[in-house]
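A short worksheet on the structure shown next.
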Amino acid sequence: MGRLRKPLVLLLLAVAAGGLIAHASLFSFFVTDDAYISFVYSKHLAEHGQLVFNLGEKPVEGYTNFLWTVLLAGLMKLGWKPESSSVALGIGFAIGTMIVCALLVRRLRGDGDRWSAWDALPALLLAAVPGYACWAAGGLETQMFTFFATLGAALHLAPHRDGSDRVRPLAGLVFGLAALTRPEGNLFFALAALHRVAWKLRRRRLALTRDELAFVGLFALLVVPHLLWRHHYYGYWVPNTFFVKASGDARAATLGQGLYYLGRFAQAFLVYLLLLPPVAALAAKPDPGTRRLLRFAALVLPVFFAYVVSVGGDFMGLFRFVMPAMPLVALACALGLRAVAARVTDGGARLAWLPPVAVAALLGGYVAHGVAVDRAAQVYLGPGASDRGIDTPGYLRWYTEDRAAIGRWFGQHAQPDDYAAVGGAGAQVYYSGMRSLDCFGLSDEYIAHQVPPVSHRPGHQKYAPLEYQLSRHPTIITSNYYNIGTGPMERPDAGDWKRRGYHYVSVQVPGLSSGGWYTFLKRMDRRVGPLPPFSPPAPANFDLQ
8 MGRLRKPLVL
18 LLLAVAAGGL
28 IAHASLFSFF
38 VTDDAYISFV
48 YSKHLAEHGQ
58 LVFNLGEKPV
68 EGYTNFLWTV
78 LLAGLMKLGW
88 KPESSSVALG
98 IGFAIGTMIV
108 CALLVRRLRG
118 DGDRWSAWDA
128 LPALLLAAVP
138 GYACWAAGGL
148 ETQMFTFFAT
158 LGAALHLAPH
168 RDGSDRVRPL
178 AGLVFGLAAL
188 TRPEGNLFFA
198 LAALHRVAWK
208 LRRRRLALTR
218 DELAFVGLFA
228 LLVVPHLLWR
238 HHYYGYWVPN
248 TFFVKASGDA
258 RAATLGQGLY
268 YLGRFAQAFL
278 VYLLLLPPVA
288 ALAAKPDPGT
298 RRLLRFAALV
308 LPVFFAYVVS
318 VGGDFMGLFR
328 FVMPAMPLVA
338 LACALGLRAV
348 AARVTDGGAR
358 LAWLPPVAVA
368 ALLGGYVAHG
378 VAVDRAAQVY
388 LGPGASDRGI
398 DTPGYLRWYT
408 EDRAAIGRWF
418 GQHAQPDDYA
428 AVGGAGAQVY
438 YSGMRSLDCF
448 GLSDEYIAHQ
458 VPPVSHRPGH
468 QKYAPLEYQL
478 SRHPTIITSN
488 YYNIGTGPME
498 RPDAGDWKRR
508 GYHYVSVQVP
518 GLSSGGWYTF
528 LKRMDRRVGP
538 LPPFSPPAPA
548 NFDLQ
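Our numbering applies: residue 8 is where the sequence shown begins, and numbers increase by one.
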């Protein structure tokens, strides 16, 4: 029987990996608009050696995923487009995290090198989590960061095979990679260090070991040079996005939005039920490895969730921003269930059937619940119909596809000196190749630092005042006024815009939804593809078909 354990675990892991890919396919492996912001930086780095949003302008750090952006740039140099390579990497890192969880459970069980079906349970749980599957694609760094954060925690929690602490320096190195991927990696490193300090205090081992010093040193070896480079290249110690998303104004509203976001996350993914087994395990006297994991989770999860609340959560549906915590939730659930099962079966073999039946029922019920969540997430809810500013992946996919089509149209007709004022600064900018003003300020220093907040929606707290937009003399404006419809559109404010030197135009864009007509503002003295300069006298309708 023992020889069959390893093939069984490998089979279960293969099932989990296949289930994850099938689950992610329900969302069409879509790439969301925000991912294209990083793609713009990657493209400019690969083609021009500049990690900037607009070539020829002062560098502004409008991304929060340095290592991901640089990795995609390297793959672009090899001919791999980020639209596809980002999805492949996301799926790969998501499966890698599932494997790390299995290896960690095996090590923490303290059962020698014997395999157990329990090792595969976190992977099976993760494959069933709608947000984990959805954001395995998306084009964002979510799964890369989740992988590094989980691997760092695994190396921190699991001793070497000989029981020594010599894998700890590797944990510092991996947490450093996590910090280069997302700033929250610094938080995970700090919590791991605090967890280690608490362990030393309980045992009154105050002297630092060589492995502990190496843990800190290797982390600093990666993080400090990047920090110095950031300040030299961009002029600030933190990304420009920090000044948009961490604005001090409207703080109460931001916290309220964050609490709502966290509550919806717990409700949608039944997190409160997944955390019941580890709570019950505390009364079951779990083994030392399980206790170590549960103590770490009890430290990390509340702090990370508090951080999520403090920034207002996120606007992307299926709770992308909290996905890095899900492996730890799955690990705590699996090891908690194992501890409770061990207590139940202490009475003898007559109850040995109960744990596998209970686990199968848990997984089946979770999958059934996830199906309903998946269906709701794929629904297109148009602008203004979101869940308190949280958009469904169905809407995000629709929005990105339309902006990509618009960007391709501008890419065919724009001139090198054209400039755009845009709201969605992702797919449209990437495909058009136009220098652009990101009106939400993520990649604009003035908006991030000088403009007061106008909203508490994460990533959308600030917006470029109209006079600032016009000061950049954009050729086109698609930030404040644009419409996708079934034909040319007239606007009641056309006269006001004419006095400012702009007029409304409508064009048919291949690939657009709703009939393919797009209406936007064009500078009257400029040509854009088939749209010539406009000079009075002119008809009352400024739409050009």
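Just so you know, even glycine gets a beta-carbon here, dropped at the ideal spot from N, CA and C.
Residue i, enclosing alpha helix (DSSP H) - first and last residue
| i | result |
| --- | --- |
| Phe250 | 247-252 |
| Ser317 | 295-317 |
| Met151 | 149-164 |
| Val336 | 333-351 |
| Pro284 | 283-288 |
| Val22 | 12-32 |
Buried/exposed call for residue i, threshold 16 Cβ in 10 Å
| i | result |
| --- | --- |
| Arg471 | In the sequence as displayed, the identity of residue 471 is Ala instead of Arg. Buried, since its Cβ has 16 or more Cβ neighbours within 10 Å. |
| Trp360 | exposed |
| Asp398 | buried |
| Ala421 | buried |
| Asp445 | buried |
| Lys65 | exposed |
| Glu474 | exposed |
| Pro544 | Confidence at Pro544 is low in this model, with a pLDDT of 43, below 50, so its placement is unreliable and the value that follows should be read with caution. So Pro544 counts as exposed. |
| Thr216 | exposed |
| Tyr240 | exposed |
| Trp75 | buried |
| Gln274 | exposed |
| Arg27 | For the record, residue 27 in the displayed sequence is Leu; it is not Arg. Buried is the call here. |
| Gln515 | exposed |
| Pro285 | buried |
| Tyr279 | exposed |
| Arg327 | buried |
| Pro232 | exposed |
| Ser317 | exposed |
| His480 | exposed |
| Val461 | exposed |
| Lys469 | buried |
| Asp451 | buried |
| Asp409 | buried |
| Ala31 | buried |
Where the beta strand (DSSP E) containing residue i begins and where it ends
| i | result |
| --- | --- |
| Gln515 | 509-515 |
| Leu128 | Taken as a continuous stretch (DSSP letters only), Leu128 belongs to no beta strand (DSSP E), being part of the alpha helix (DSSP H) at 128-135. |
| Val429 | 426-429 |
Contact belief for residue i with residue j at Cβ below 8 Å, rounded distance in angstroms
| i | j | result |
| --- | --- | --- |
| Asp40 | Tyr406 | 6 Å |
| Leu147 | Tyr139 | That belief does not hold up - the Cβ atoms of Leu147 and Tyr139 are roughly 13 Å apart, past 8 Å. |
| Ile98 | Ala143 | 5 Å |
| Ala432 | Ile483 | Between Ile483 and Ala432 the Cβ distance is about 14 Å, and since that is not below 8 Å, they are no contact. |
| Leu281 | Cys340 | 5 Å |
| Met83 | Ala53 | 4 Å |
| Leu403 | Met323 | 6 Å |
| Asn193 | Ala186 | 5 Å |
| Trp20 | Ala127 | Sequence inspection shows Leu at residue 20; the Trp mentioned does not correspond to that position. Going by Cβ atoms, the distance from Leu20 to Ala127 rounds to 5 Å, so yes, they are a contact pair. |
| Asp353 | Pro465 | The Cβ separation is near 48 Å, so there is no contact. |
| Arg115 | Gly296 | In the sequence under discussion, the amino acid at residue 115 is Leu, which differs from the Arg named in the question. Confirmed, about 3 Å. |
| Tyr267 | Arg395 | 6 Å |
Interface flag, residue i vs chain C, CB-CB below 8 Å
| i | result |
| --- | --- |
| Tyr373 | Annotation note: the requested chain C is absent from the structure, which comprises a single protein chain. |
Those residues which DSSP pairs with residue i across a bridge
| i | result |
| --- | --- |
| Phe527 | Val512 |
| Met323 | Asp398 |
| Val278 | Its beta-bridge partners do not exist; DSSP assigns none. |
| Val374 | The partner list for Val374 (beta bridge, DSSP) is empty, contrary to what the question assumes. |
| Gly145 | Val38 |
| Val535 | Leu538 |
4-residue-minimum alpha helix (DSSP H) runs that sit fully inside the region 66-123, ordered along the chain: 73-84, 89-115
Completely contained beta strand (DSSP E) runs for the region 435-504, where each covers 3 or more residues: 442-445, 483-485, 490-492
Entirely enclosed beta strand (DSSP E) segments - the region 177-242, minimum 3 residues: none
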